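Visitor: Residue numbers for the sequence shown follow the numbering used here, so the first one is 2 and each next one is one higher. No residue lacks a Cβ here, since even glycine has one placed at the ideal position from N, Cα and C. Predicted model, so just to flag it, every value in this text is computed and none were measured.
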Amino acid sequence: IGRVNWRIIPLLFAAYFVAYIDRVNVGFASLTMNPALGLSAEQYGLAAGLFFAGYVAFAVPSNLILAWVGGRIWLPVIMLAWGVASLLNAWVTGPQSFYLLRFVLGLGEAGLYPGLLYILAMWAPDRYRVRMLMLMILSSPFSIMVGSLVSQPILSLDGVGGLAGWQWLFILQALPTLALAAAFYLTPGPLAGLLVLPWFLTAVLLAVVAVRRMARHGGSRPLDRLVSDAALLWLTAGAACALAERLGVA
Numbered sequence: 002i003g004r005v006n007w008r009i010i011p012l013l014f015a016a017y018f019v020a021y022i023d024r025v026n027v028g029f030a031s032l033t034m035n036p037a038l039g040l041s042a043e044q045y046g047l048a049a050g051l052f053f054a055g056y057v058a059f060a061v062p063s064n065l066i067l068a069w070v071g072g073r074i075w076l077p078v079i080m081l082a083w084g085v086a087s088l089l090n091a092w093v094t095g096p097q098s099f100y101l102l103r104f105v106l107g108l109g110e111a112g113l114y115p116g117l118l119y120i121l122a123m124w125a126p127d128r129y130r131v132r133m134l135m136l137m138i139l140s141s142p143f144s145i146m147v148g149s150l151v152s153q154p155i156l157s158l159d160g161v162g163g164l165a166g167w168q169w170l171f172i173l174q175a176l177p178t179l180a181l182a183a184a185f186y187l188t189p190g191p192l193a194g195l196l197v198l199p200w201f202l203t204a205v206l207l208a209v210v211a212v213r214r215m216a217r218h219g220g221s222r223p224l225d226r227l228v229s230d231a232a233l234l235w236l237t238a239g240a241a242c243a244l245a246e247r248l249g250v251a
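(1) For the candidate residues A16, S87, Y114 and S98, whose alpha-carbon lies nearest to that of F171?
(2) Check each candidate in L136, P142, L106 and S141 and name the one with the smallest Cα separation from V78.
(3) Please tell me whether W169 and V161 are closer than 8 angstroms, where the distance is taken between their beta carbons.
(4) If you drop the 5 nearest sequence neighbours on each side, which residues of the same chain put their C-beta closer than 6 angstroms to that of L32?
(5) Please state if the CB of F59 and the CB of S140 are separated by a distance shorter than 8 angstroms.
(6) Would you check if the segment 98 to 113 and the segment 44 to 56 touch, i.e. whether three or more CB-CB distances between them fall below 8 angstroms?
(7) Report the residue ranges of all alpha helix (DSSP H) runs contained in full by the segment 79 to 127; include only those spanning at least 4 residues, in chain order.
(8) Give the secondary structure of D23 by DSSP, where H, G and I count as helix, E and B as strand, and everything else as coil.
(9) Per DSSP, what kind of secondary structure is L51 in: helix, strand or coil?
(10) Pairing CB atoms from the segment 38 to 48 with CB atoms from the segment 86 to 101, are three or more of them under 8 angstroms?
(11) On the CB-based measure, 16 or more other CB atoms within 10 Å of its CB, does D159 come out buried or exposed?
(12) For I74 and R24, I'd like the C-alpha separation in whole angstroms.
(13) Does DSSP classify A15 as helix, strand or coil?
(14) At the level of alpha carbons, what is the spacing between F29 and P154?
(15) If G116 and L67 are in contact, beta carbons under 8 angstroms, what's the gap, nearest whole angstrom?
(16) Starting from the C-beta of L76, find all residues in its chain whose C-beta is less than 6 angstroms away, skip the five residues before and the five after it, and write them out in chain order.
(17) Taking the beta carbon of R213 as the centre, do at least 16 other beta carbons fall within 10 Å, making it buried, or is it exposed?
(18) Once DSSP output is grouped into helix, strand and coil, what is the label at S41?
(19) For V161, report the span of its alpha helix (DSSP H) as first-last.
(20) Is the CB-CB distance between G84 and A182 below 8 angstroms?
(21) Does G163 pass the burial test, meaning 16 or more other C-beta atoms within 10 Å, or should it be called exposed?
This is the structure we're talking about:
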C-alpha cells in the first residue's frame with residue numbers, strides 16, 4: 002500500500018489541485034479582465050454558469066469514454082482539453098469567446114473527479130480508500146489558498162511582453178495542467194498498468210467487486226430505494242449548498 006500511495010496520491014492530488022486552480026482563477030482575473038473587455042456583471046455570471054452547464058452535460062459521456070478507452074488515454078485528453086481552454090482565456094476578445102471557453106473548460110473537467118475515483122476504486126483497499134480520498138479532496142482548499150497567494154503577483158505583470166496581468170494569470174496557471182497531462186500519459190509503473198486496463202477487464206473487475214460487496218452485506222439496495230434514501234438526499238443537499246457557497250465568491 003505504501004508503493005501505491007507514493008505512486009498514485011501525488012498525481013491525484015496534483016490533478017485535482019490544478020483543476021481547481023483553472024476553475025477559480027477567473028475570479029481573480031475578473032478584477033481587471035472585466036473592465037478591459039467591457040464585460041458586465043450579468044455576462045460574467047452567465048460565463049460562470051456555462052462552466053457548470055458543460056460540466057453537467059459531459060459528466061456521464063466522459064465516464065463512458067473513460068471505461069471504453071482507458072484512463073491513460075482519456076485522463077490526459079481531458080486535462081489537455083481544459084488546460085488549452087484555460088490557456089486560451091488569455092486571448093478572449095469579448096463575451097462570445099469567453100462563453101465558449103468557459104463551456105469547454107467545464108466539458109474537460111467533467112470527467113476528472115469520477116476518473117480519479119475510478120483509480121482509487123481500482124487500487125486502494127477498502128480500509129485505506131477514505132483516507133486516500135480525503136488527501137485528494139484536501140487539494141481543493143489548498144489550491145484556492147495557493148491560487149489567491151500567487152494571483153496578485155502574477156497580476157502585477159501587467160504590461161510585460163505586451164500582455165495584461167489577467168492574461169499572464171491564465172497563461173501561467175494553465176501551464177502546470179498541460180505538464181501534468183504529459184505526466185499522466187508518461188507515468189510508468191502500477192499507475193500506468195491501471196490506466197491502460199482495457200474496458201472489458203475493467204467491467205469484469207467492477208462486477209467482481211460488486212459481487213463481493215453483495216455477499217458481504219447480504220444483498221444490494223435497489224436503485225429506487227437508494228435515490229430515495231433520506232440520509233443520502235440530505236447529505237447531497239448539504240454538499241450542494243456548501244459547494245454553491247464556496248464557488249459563489251468566484
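Guide: Well, looking at it:
(1) S87
(2) L106
(3) yes
(4) none
(5) no
(6) yes
(7) 96 to 110 and 113 to 124
(8) helix
(9) helix
(10) yes
(11) exposed
(12) 22 angstroms
(13) helix
(14) 11 angstroms
(15) 5 angstroms
(16) G116 and F185
(17) Confidence at R213 is low in this model, with a pLDDT of 48, below 50, so the placement of that residue should be treated as unreliable; the coordinate-derived value is given next. Under this definition R213 is an exposed residue.
(18) coil
(19) From DSSP, V161 is part of no alpha helix (DSSP H); its letter is neither H nor E.
(20) yes
(21) exposed
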